[in-house]
Amino acid sequence: MEKFTLATKENDGTWFGVLISNQSGLVACSFSSSRKSLEKHLRPGTRGTVSNELTDESGIALNEMINIYHGRKTTNNVRLDWEAVSEFEKSVCKIMKEIPKGQVTSYGMIAKRLSSGPRAVGTAVARNPWPLFVPCHRVVPADLEIGNYSIGGTLSEHGCEVKRDLLEREGVPIESDRIALKAVWVPTGA
């Protein structure tokens, strides 16, 4: 029987949360300044009983997430549960996982590679259930402005600052609120 673990951990004033299925891995994750809003955002992803007991898998996922957030090296040993993700969203997520640390790409470049439209890509990026593990913060508008970033499933007034901080910790050069052209990664086939 499938069981879910919802685990949270605070680090430097930020709460990190993971929802893990014992059968298929990481269902969703997020981070927030509020533990309550974080748990409220993650809980709807469950398909059964939820435990708040920390497991080996949830502990590893939380530590990996915190390391990614701080721009540190990770082992990339977290299984993602693709069950609730459409085929198109899966394609977008796989391209986002290819974006090298320290670089960004645009919605339009991903759209070109997938023979799709930038808005459809934007919707898929916004629905990413695994922020940080699937680095949606590395996707920016075509004008190379930083753009918005949703936290806990909704756009935040501080989302742009959070996205900027994440990119800077990864070494992305930012000049006057725009990504430096040298940091642009072009997906193969775009």
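Taken in order, the sequence shown gives residues -18 to 171; the numbers are from the numbering used here.
Here a beta-carbon is modelled for each residue, glycine too, at the ideal position from N, C-alpha and C.
- Rounded to whole angstroms, the gap between the alpha carbons of Thr56 and Val102 is 28 Å.
- For Gly(-2), the number of other beta carbons within 10 angstroms of its own is at least 16, and it is reported as buried.
- The beta-bridge partner set that DSSP reports for Ile155 consists of Ile160.
- The region 70 to 77 and the region 1 to 14 do not touch, with fewer than 3 CB-CB distances between them shorter than 8 Å.
- In the displayed model, Ala101 falls within a helix according to three-state DSSP.
- Comparing alpha carbon positions, the residue from Arg24, Pro154, Arg16 and Lys(-10) closest to Ser2 is Arg24.
- Closest in C-alpha terms to Ala42, from the list Glu126, Trp111 and Val153, comes Trp111.
- In the DSSP annotation of this structure, the continuous segment of the alpha helix (DSSP H) that includes Ala92 starts and ends at Tyr88 to Leu95.
- In the three-state reduction of the DSSP assignment, Ile49 falls in the helix class.
- Rounded to the nearest angstrom, the gap between the Cα atoms of Glu126 and Thr86 is 11 Å.
- With a beta-carbon spacing of about 20 Å, Leu95 and His118 fall beyond the 8 Å limit used to define contacts.
- Here DSSP, grouped into helix, strand and coil, assigns Ile41 to helix.
- The shortest CA-to-CA distance from Met46 to any of Gly83, Glu68, Glu(-9) and Glu20 is the one to Glu(-9).
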